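Asks: Quick one: this structure, given as structure tokens, is what I'll be asking you about.
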Amino acid sequence: MKPMKQVITRFPPSPTGFLHVGNARTAVFNWLYARHMQGKFVLRIEDTDRQRSTQKAIDVIFESLEWLGIDWDEGPFYQTQRLDIYNEYLEKLIQSGHAYYCTCTPEEIEAMRKKAMASGGKPRYDGTCRDKDLAKTENAVVRFKAPQVGTTVVEDVIKGNIVFQNDELDDFVLVRGDGIPTYNFAVVIDDITMNVNTVIRGDDHVMNTPKQMLIYKAVSSPLPVFGHVPMVLGKDRTRFSKRHGAVSVTAYRDMGYLPDAMLNYLVRLGWSHGDQEFFSRDELINVFDIEHIGRSAGVFDPEKLLALNADHIQATPTVELFKPLSPFLIKHGINIEEGPDAQSVIETLKPRSKTLKDMAEQAIFYYADDITYEEQAAQKFLKPAALEPMRVLTDQLEVLGEFTEKNLEDAFKATMEQTGLKLGKIAQPVRVALTGKTASPGIFEIISIIGKDRVISRLKKAICFIEGLDG
RNA sequence: GGUCCCAUCGUCUAGUGGUUAGGACGCCGGCCUCUCACGCCGGUAACGGGGGUUCGAAUCCCCCUGGGAUCACCA
290 MKPMKQVITR FPPSPTGFLH VGNARTAVFN WLYARHMQGK FVLRIEDTDR QRSTQKAIDV
350 IFESLEWLGI DWDEGPFYQT QRLDIYNEYL EKLIQSGHAY YCTCTPEEIE AMRKKAMASG
410 GKPRYDGTCR DKDLAKTENA VVRFKAPQVG TTVVEDVIKG NIVFQNDELD DFVLVRGDGI
470 PTYNFAVVID DITMNVNTVI RGDDHVMNTP KQMLIYKAVS SPLPVFGHVP MVLGKDRTRF
530 SKRHGAVSVT AYRDMGYLPD AMLNYLVRLG WSHGDQEFFS RDELINVFDI EHIGRSAGVF
590 DPEKLLALNA DHIQATPTVE LFKPLSPFLI KHGINIEEGP DAQSVIETLK PRSKTLKDMA
650 EQAIFYYADD ITYEEQAAQK FLKPAALEPM RVLTDQLEVL GEFTEKNLED AFKATMEQTG
710 LKLGKIAQPV RVALTGKTAS PGIFEIISII GKDRVISRLK KAICFIEGLD G
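Going by the numbering used here, the first sequence opens with residue 290, and the numbers climb by one from there.
Structure representation (structure tokens):
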């Protein structure tokens, strides 16, 4: 039995800014596939564009990947540190006649483009230096001697076969005048030397693929499996960008999204597993496959991501929420270690929170020393009519022993009997007194969590507030 | 413009010749109820158009239309 070759995928971002969610999605696909196949996932930083690459951007890539829970088995590799390797292959290509030096200046290239366009032709390199067999000189670039006849067919595992006429390709540049390889050359050599055999990348690379295949062929290396995933679009069906809203992975982290929700959403945008919408991380690793990646572009829908995030918040064990929630609480001056029992607090907020940020905001009243009443709420409920039930309830609570659900219910029942009011009439003013708002978790829940002393002091404060209205 | 890709509810999608075209988000009702959520029940809404092939097409073929990608010494 022939052993299956181990799958090796990769993610090669260029560090020129933040990590775009669209890019993150292809990282996720590659990572999931490697994990699913028990293969390897390599990270490579494509920093050959020296003008635009920054260390800051590199850090953001690590930060984003780590937050998403995407780990790599090899790398990070940096292309700028691999120049010797590219040179080695370049020599081979020149020796074997697959590449040649070209001394045409950018101005000359531009001129030939214009000329070609004017005569209705294609804007491509005209092959001036193709057969001159020039030696290396200062500022000379190296071009690939592309075949001018025949076809190159990309066997795409997602899109199927794509046929390209070789005469559509021109002698593209492999190495720039400054000795830095261009993208198409560097990727191929990297993928070959890193043993990458499965290349899943964005749709926008389809046109590069035949060029790259030609290089593989020229250096006699076996081709990897190619799969091009469709783009992520914005609401107006153009490439998803800032105009459409938040696009960086870290932005979603900062808005209080859970990494698992992000992962789930990103995968589900362009891949499916029957009718299933919700996936845990492990589940994804188990069932992910390339076969079910769709062929058409998808619109990024923040609403659905939000809904999915709410689902993941609910599905996450409460204790696992402490850590990710904490930074959001701190922004409101709340330390999760102090005050009411965090476990209970979060439990009451889970079904009501779409994001962690949202949850933190709703948690404020549990910890606050002073409750400020929302104007509308106070106006509607903290009025003289609420005075009696609040006083009666306060008395009831003061003599109450333990604040259990049962005890509290009894206290409210007694209050209802004494005042002849229904629960709703009593609970709403109390809710405003305790939270400042008209909406909150269940009244018994919050009373027991906030605790006797604080509850009574808040009730008394509210009573004073109402009395103050008269005088 | 050349080349290439794509096309099921508003959005993400299931569907691989015979289904009342399913699910999810959103939206709209209802139930639950101490408020708000959650949950549950129900509803709204799609095969871009035209030709074929076939007893029968969302599914296969062609054309049109529409969208997208790409045409660098960027990646």
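All C-beta atoms in this analysis are idealised placements derived from N, C-alpha and C, irrespective of residue type, glycine included. Only a predicted model underlies this, so the values are computations on that prediction, with no experimental measurement involved.
Report all residues from its chain with a CB closer than 8 Å to the CB of R314; omit the five preceding and five following residues, and keep chain order.
Replies: The residue labelled residue 314 in the question sits at position 25 within the first sequence. Same-chain partners within the cutoff: V518, V521, L555, V556, L558, G559.
Asks: Across the region 721-731 and the region 743-756, are there enough close Cβ pairs to call them in contact, namely three or more that are closer than 8 Å?
Replies: Short answer: they touch.
Asks: Apart from the five residues just before and just after K672, which ones in its own chain have a Cβ nearer than 6 Å to its Cβ?
Replies: As a first step, residue 672 must be located in the first sequence, where it is residue number 383. The answer is none, since no qualifying residue turns up.
Asks: Rounded to whole angstroms, what's the CA-CA distance from W361 to R371? Just pull it up for me.
Replies: As a first step, residue 361 must be located in the first sequence, where it is residue number 72. As a first step, residue 371 must be located in the first sequence, where it is residue number 82. If I take the Cα positions, the gap works out to 19 Å.
Asks: Should the region 592-602 be called in touch with the region 643-655, which here means at least 3 C-beta pairs below 8 Å?
Replies: Touching, yes, given that three or more Cβ pairs across the two stretches are closer than 8 Å.
Asks: If you count every other CB in all the chains shown that lies within 10 Å of the CB of I770, and 16 or more means buried, which is it?
Replies: With the chain running from 290 to 760 in the structure shown, residue 770 is simply not present.
Asks: Any chance the region 454-467 sits against the region 407-422, with 3 or more Cβ pairs inside 8 Å?
Replies: The answer is yes - the region 407-422 touches the region 454-467, with three or more Cβ pairs under 8 Å.
Asks: Excluding sequence positions up to five away, which residues of its chain have a Cβ less than 6 Å from the Cβ of E335?
Replies: Start at 1 with the first residue of the first sequence, and residue 335 comes out as number 46. So the qualifying residues of the chain are P301, S303, Q368.
Asks: What is the DSSP secondary structure of P519, counted as helix, strand or coil?
Replies: In the first sequence, residue 519 corresponds to position 230, counting from 1. Coil.
Asks: With DSSP as the reference, label Y472 as helix, strand or coil.
Replies: Taking the first sequence and counting its residues from 1, the one referred to as residue 472 is at position 183. Residue state, collapsed to three classes: helix.
Asks: On the DSSP bridge list, what partners appear for W560?
Replies: By one-based count along the first sequence, residue 560 stands at place 271. I582.
Asks: If the criterion is Cβ atoms closer than 8 Å, does the pair V310 and V495 meet it?
Replies: Stepping through the first sequence from its first residue, residue 310 is reached at position 21. Stepping through the first sequence from its first residue, residue 495 is reached at position 206. No; because the gap between Cβ atoms is not below 8 Å, this pair is not in contact.
Asks: Whole angstroms is fine: what's the gap from Q632's alpha carbon to P616's?
Replies: Locating residue 632 in the first sequence gives position 343, where the first residue counts as 1. Locating residue 616 in the first sequence gives position 327, where the first residue counts as 1. Whole-angstrom Cα-Cα distance: 16 Å.
Asks: Could you tell me whether the Cβ atoms of K381 and V508 are closer together than 8 Å?
Replies: One-based indexing of the first sequence puts residue 381 at position 92. One-based indexing of the first sequence puts residue 508 at position 219. Yes, the Cβ-Cβ distance between K381 and V508 is below 8 Å.
Asks: Can you give me the Cβ contacts of W771 inside the same chain, cut-off strictly under 6 Å, excluding the 5 residues immediately before and after it?
Replies: There is no way to answer for residue 771, as the model of the chain reaches only from 290 to 760.
Asks: Fully enclosed by the region 608-677, which alpha helix (DSSP H) runs are 4 residues long or longer?
Replies: Segments of the alpha helix (DSSP H) lying fully in the region 608-677: 608-619, 631-638, 645-656, 664-670.
Asks: What span of residues does the beta strand (DSSP E) with F330 cover, start to end?
Replies: The residue you call residue 330 lines up with position 41 of the first sequence. Per DSSP, F330 belongs to the beta strand (DSSP E) from 329-334.
Asks: Using 10 angstroms around the beta-carbon of N312, count the other beta-carbons present and answer buried if the total reaches 16, otherwise exposed.
Replies: Here residue 312 corresponds to residue number 23 of the first sequence, with the count starting at 1. By the neighbour-count rule (16 or more Cβ atoms within 10 Å), N312 is buried.
Asks: Residues in its own chain within less than 6 Å of H387 by CB, not counting five upstream and five downstream?
Replies: Taking the first residue of the first sequence as 1, we reach residue 387 at position 98. The residues are K434, A507.
Asks: Is C753 buried or exposed, if buried means 16 or more other CB atoms sit within 10 Å of its CB?
Replies: Numbered from its first residue, the first sequence carries residue 753 at position 464. Its Cβ having fewer than 16 others within 10 Å, C753 is exposed.
Asks: Let me know if N450 comes out buried or exposed under the rule of 16 or more other beta-carbons within 10 Å of its beta-carbon.
Replies: Within the first sequence, the letter at position 161 stands for residue 450. Answer is exposed; the Cβ neighbour count stays below 16.
Asks: If we count the other Cβ atoms within 10 Å of its Cβ and call it buried at 16 or more, is P606 buried or exposed?
Replies: Taking the first residue of the first sequence as 1, we reach residue 606 at position 317. The residue in question, P606, is exposed, as its Cβ has fewer than 16 Cβ neighbours within 10 Å.
Asks: Kindly list the residues whose CB is nearer than 6 Å to the CB of I297, restricted to its own chain and excluding five residues on each side of it in sequence; keep chain order.
Replies: Counting from one through the first sequence, the residue named residue 297 turns up at place 8. Taken in chain order, the residues that qualify are G328, K329, N484, V485, N486.
Asks: Taking N376 as the reference, which of S353, K345, L357, A475 has the closest Cα?
Replies: What you label residue 376 is simply residue 87 of the first sequence in a count that begins at 1. N376 has its Cα closest to that of A475, out of S353, K345, L357, A475.
Asks: Consult DSSP for N484 and reduce its assignment to one of helix, strand or coil.
Replies: Position 195 of the first sequence, counted from the first residue, corresponds to residue 484. Three-state DSSP puts N484 in coil, outside helix and strand.
Asks: Less than 7 Å between C-beta atoms, sequence neighbours within five positions excluded: which residues of the same chain meet that for K448?
Replies: Against the first sequence, residue 448 aligns to sequence position 159. Result list for K448: H517, R584, in chain order.
Asks: Just the C-alpha distance for P718 and I732, rounded to the nearest angstrom, thanks.
Replies: Taking the first sequence and counting its residues from 1, one reaches residue 718 at position 429. Taking the first sequence and counting its residues from 1, one reaches residue 732 at position 443. So the two alpha carbons sit approximately 11 Å from each other.
Asks: For a minimum of 3 consecutive residues, which ranges assigned as the beta strand (DSSP E) are wholly contained in the region 396-439?
Replies: With a minimum length of 3 residues, the continuous beta strand (DSSP E) runs that stay inside the region 396-439 are 430-433.
Asks: Return the CA-CA distance between H533 and D525, expressed in angstroms with no decimal places.
Replies: The sequence position of residue 533 within the first sequence is 244, counting from 1. The sequence position of residue 525 within the first sequence is 236, counting from 1. Between H533 and D525, the C-alpha separation is close to 8 Å.
Asks: Mapping DSSP to helix, strand and coil, what is Q295?
Replies: Working through the first sequence from its first residue, we reach residue 295 at position 6. DSSP places Q295 in coil when its eight states are reduced to three.
Asks: What do you get for A652, buried or exposed, if any count of 16 or more other CB atoms within 10 angstroms of its CB means buried?
Replies: As a working note, residue 652 is residue 363 in the first sequence. When all chains shown are included, A652 counts as buried.
Asks: Among R324, L332, S342, E352, which has the Cα closest to the Cα of A540?
Replies: Your numbering for residue 540 matches position 251 in the first sequence. Closest option to A540, Cα to Cα, is E352.
Asks: Straight-line CA distance for A751 to F611?
Replies: As a position in the first sequence, residue 751 is number 462, starting the count at 1. As a position in the first sequence, residue 611 is number 322, starting the count at 1. Roughly 32 Å between the two C-alpha positions.
Asks: May I have the straight-line CA-CA distance separating T708 from A657, to the nearest angstrom?
Replies: Within the first sequence, the letter at position 419 stands for residue 708. Within the first sequence, the letter at position 368 stands for residue 657. Cα to Cα, T708 sits roughly 30 Å from A657.
Asks: Give every residue of the same chain whose Cβ lies closer than 7 Å to the Cβ of E706, excluding the five residues on either side of it in the sequence, and list them in chain order.
Replies: As a first step, residue 706 must be located in the first sequence, where it is residue number 417. Answer for E706: no residue qualifies.
Asks: Leaving out five residues on either side along the sequence, give the residues of the same chain with a beta carbon under 7 Å from the beta carbon of Q393.
Replies: The sequence position of residue 393 within the first sequence is 104, counting from 1. A small correction: the amino acid at residue 393 is Cys; Gln does not occupy that position in the sequence shown. For C393, where only same-chain residues beyond five positions count, the Cβ hits under 7 Å are T417, C418.
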